[in-house]
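Add 6 to the 1-based position in the sequence shown for the working numbering, that's all there is to it.
A virtual CB, placed ideally from N, CA and C, is assigned to each residue, including glycine.
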Amino acid sequence: MTDRAKHDAMANAIRALSMDAVQAANSGHPGLPMGGADIATVLFTKIMKFDPKAPHWPDRDRFVLSAGHGSMLLYSSLYLLGYEDMTLDDIKNFRQLGYKTAGHPEYGHADGIETTTGPLGQGLGNSVGMAIAEAKLNAEYGDDLVNHFTYVYAGDGCLMEGISQESISLAGHLKLNKLIVIWDNNDITIDGKVSMADSTDQIARFKAVGWNTMEIDGHDPVAIETALKDAQKSDKPTLISAKTTIGFGSPNKAGTSKAHGSPLGADEIALAKAQLGWAYGPFEVPEDLMDAWRLAGNRGTKARSAWKERLNAADADTRADFERRMRGDLPEALKTAMASYKHKLADEKPKLATRASSQNALEVINGAMPETIGGSADLTGSNNTNTSQTLPFTSNDYSGRYIHYGIREHGMVAAMNGIALHGGLYPYGGTFLTFTDYCRPSIRLAALMGIRVGLVMTHDSIGLGEDGPTHQPVEHLAALRAIPNLLVFRPADAMEAAECWEIALERFKQPSVLALSRQGLPALRTEHSKDNLCLRGAYSIWGDKDADVVIFGTGSETQLAVEAAKELTDEGISARAVSVPSMELFEAQSDDYKRTVFGKAKARVAIEAGIEMGWSKFLGENGRFVGMTGFGASGEINALYKHFGITTKAAVEAAKAQL
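In structure tokens form, the structure reads like this:
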């Protein structure tokens with residue numbers, strides 16, 4: 007068999023499995039796997055460095071299928087290459103409940119799936135973070151331990167989504183030359199020809215933001231291999247525009263939107279297999295082709311063994327540090343440093359904005375935890391995300407620990423997800439809480455994947471004052487709390503800020519949002535506690551456990567809850583204040599603990615400078631909420647709180663109204 011004939015047969019194995027799987031499911035996207043099979047075959051059998059027998063090898067090349075609807079391209083390849091947990095049974099049960107072959111690639115479902123994709127452009131955004139992580143770790147550990155590429159397969163939809171511009175401009179600015187994007191330039195979307203909706207010169211766009219670009223025939227294996235090898239030598243990130251035919255091999259549907267998102271049908275599959283010269287039944291791959299694919303899958307064993315020898319030859323401290331960081335374990339020094347810091351807070355009782363308290367906690371964390379890499383979407387001075395250890399990460403110096411993301415909130419969080427997925431680093435980044443609207447899709451995917459990222463969201467209420475309602479978050483806390491597996495923290499003072507950071511770092515399978523104040527807040531936690539009280543989600547911060555009134559507060563309003571409880575008590579009405587730094591953590595507590603928080607109170611009040619949604623579980627049927635019912639306004643902070651009725655007096659009156 008000639009090299010070209012062998013290549014065609016191996017690529018047709020991807021096409022056949024993809025057609026059969028989509029047909030069996032009666033659902034899916036056969037067109038992309040059929041059009042991209044030549045690219046995948048060259049990439050996986052000749053270019054990429056990986057080992058199916060050690061799928062989590064830290065120095066493997068990463069592959070991101072940004073066009074996640076073409077998931078069978080990835081699943082077929084993983085099965086053919088010999089990834090043990092991607093079986094033929096999984097392929098046969100594509101898109102079925104309980105199998106690894108979900109409609110779109112899901113991180114954690116099977117080895118070889120580096121990230122969850124499907125929302126177009128997200129994979130491209132993740133890949134920028136993966137390339138940042140590789141560059142940063144390479145600067146720390148050198149070529150012997152970290153030296154790999156990130157490859158992305160992106161479609162027209164990925165490049166149309168707005169996140170793509172944020173991501174590619176950041177990658178170009180940082181000169182992430184180990185990032186290689188293959189554009190499946192097939193000119194087809196669901197509605198039809200790309201030209202119906204878009205006329206962007208993508209080559210010019212990528213060049214404009216500092217990328218190396220190439221144009222090839224995506225069905226020519228020699229051209230594909232040459233382009234990929236040339237891209238590896240570039241001093242810039244590379245876009246390879248690969249002209250392909252969607253549904254390649256289908257006589258009646260190739261090159262049309264009919265091949266995009268629907269099964270081809272049994273008759274068309276038969277015709278396609280005949281045209282491709284594939285004389286085998288459904289899900290059947292001949293032994294010689296399976297052997298060729300498995301042999302290609304074994305290519306990386308030698309490289310991995312050599313890498314392992316280099317790791318073993320490194321000095322003991324370097325090896326131990328590298329392995330710890332790749333596991334994601336926290337350094338021993340962190341626990342001691344944070345305990346000492348919290349003792350200091352109890353002694354000094356600082357009055358600070360929680361954004362400043364967060365920065366102080368980060369100063370301790372970054373000093374003890376070398377794997378943190380911070381950043382901000384052009385709000386460093388406002389988010390307080392930099393510390394003395396976080397020098398800039400730049401195209402000239404990848405050793406830095408602070409990324410200036412620019413005004414790219416969505417791209418920032420997508421990149422942070424990629425950094426976390428890569429391993430070895432803990433990313434955190436900041437913007438204003440109201441701008442979580444810009445990056446919510448990436449936050450949602452972090453929660454869906456169960457990855458550890460820190461989202462520092464400052465200016466968390468009308469308390470930011472004069473910037474007005476466009477910048478004052480009202481519904482954002484409720485909207486974020488609605489995302490499953492996302493921890494939303496609203497610390498009330500410096501001690502709570504420190505405790506919330508501790509929890510965020512220890513939650514290995516959850517992203518965390520820290521909603522932080524602009525305005526100064528008094529120290530409410532004035533005594534040291536060996537236990538992390540915020541870990542309970544809600545706890546009594548002042549007052550008698552058998553009080554008739556319980557007042558719940560979060561963040562900057564916790565002080566109002568305490569003041570109201572004291573005022574009621576002075577009037578002869580027993581009252582208690584409860585701090586609620588995290589609704590999610592409180593929800594996870596036992597029923598017995600929850601009962602101790604609610605007590606036998608006859609009246610319940612919650613006070614928060616946001617909307618009421620989400621507070622019903624605390625208030626019950628008759629409780630009262632003191633907060634926002636509409637948008638904010640531009641004005642001085644104290645005037646705003648009084649104007650919107652978020653006051654100690656309002657909380658007191660709400661309690662009395664129930665007695």
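Look at the segment 460-491 and you find these whole runs of alpha helix (DSSP H), each 4 residues long or longer: 482-487. When rounded, the separation of the alpha-carbon atoms in P111 and G118 is 10 angstroms.
Inter-residue distance for T476 and F438 is about 11 angstroms (C-alpha atoms, whole angstroms). For V494, the secondary structure class from DSSP, reduced to helix, strand or coil, is strand. Within the DSSP bridge table, the entry for A521 names M463 as partners. The C-alpha of S346 is placed about 13 angstroms away from the C-alpha of E369. With a threshold of 16 other beta carbon atoms within 10 Å, H35 meets it and is buried. In terms of Cβ geometry, N304 and T250 do not form a close pair [threshold 7 angstroms].
V584 counts as buried, since no fewer than 16 other beta carbons sit within 10 angstroms of its beta carbon.
Around the CB of K348, 16 or more other CB atoms lie within 10 Å, so the residue is classed as buried. Nearest in C-alpha terms to N366, of all of K350, H179, G417, I379, is K350.
Distance from the CA atom of D353 to the CA atom of A214, rounded to whole angstroms, is 55 angstroms. Close CB contacts of R513 within its chain, under the 7 angstroms cut and outside five residues either way in sequence, are with R458, L493 (chain order). Around G76, the same chain offers H35, L38, P39, G42 as residues with beta carbons nearer than 7 angstroms, after the five sequence neighbours per side are excluded. The beta carbon of A145 sits closer than 7 angstroms to the beta carbons of Y404, S405 from its chain, once the five residues preceding and following it are set aside; these are given in chain order. Annotated three-state conformation of I275 is helix, per DSSP. Apart from sequence neighbours up to five positions away, the residues of its chain that approach G605 with a beta-carbon distance below 8 angstroms are K551, D552, A553, V556, R582, ordered along the chain. Here K606 carries a coil assignment [DSSP, helix/strand/coil]. Around the C-beta of E140, 16 or more other C-beta atoms lie within 10 Å, and the residue is accordingly described as buried. Here T107 is buried. Its C-beta has 16 or more other C-beta atoms within 10 Å.
A Cβ-Cβ contact shorter than 7 angstroms links T219 with L245.
In this structure, A609 is the residue among L625, N644, A609 with its C-alpha nearest to the C-alpha of A661.
Looking at the DSSP output, F438 shares a beta bridge with T464. By the C-beta criterion, the segment 97-107 is judged not to be in contact with the segment 302-319, since fewer than 3 inter-stretch pairs fall below 8 angstroms. Judged by DSSP secondary structure, Y347 falls within the alpha helix (DSSP H) whose first and last residues are 338-354. Distance from the CA of R10 to the CA of G224, rounded to the nearest whole angstrom, comes to 14 angstroms. DSSP places R21 in the uninterrupted alpha helix (DSSP H) bounded by 9-31. Annotated as proximal: S133 and V158, with beta-carbon spacing under 7 angstroms. Residue environment: R496 is assigned as buried (16 or more neighbouring CB atoms within 10 Å of its CB, all protein chains considered). In the DSSP assignment, no residue is bridged to M375.
Remark: C-beta atoms of P64 and M455 do not approach each other more closely than 7 angstroms. Remark: C-beta atoms of W217 and P243 approach each other more closely than 7 angstroms.
Shown here, H410 sits in a strand according to DSSP, grouped into three states. The C-beta of H534 has fewer than 16 other C-beta atoms within 10 Å across all chains shown, which makes the residue exposed.
Taking 7 angstroms as the cut-off, the beta carbon of D499 is found closer than this to the beta carbon of R531. Of all C-beta pairs linking the segment 425-438 to the segment 375-390, three or more are shorter than 8 angstroms, placing the two stretches in contact.
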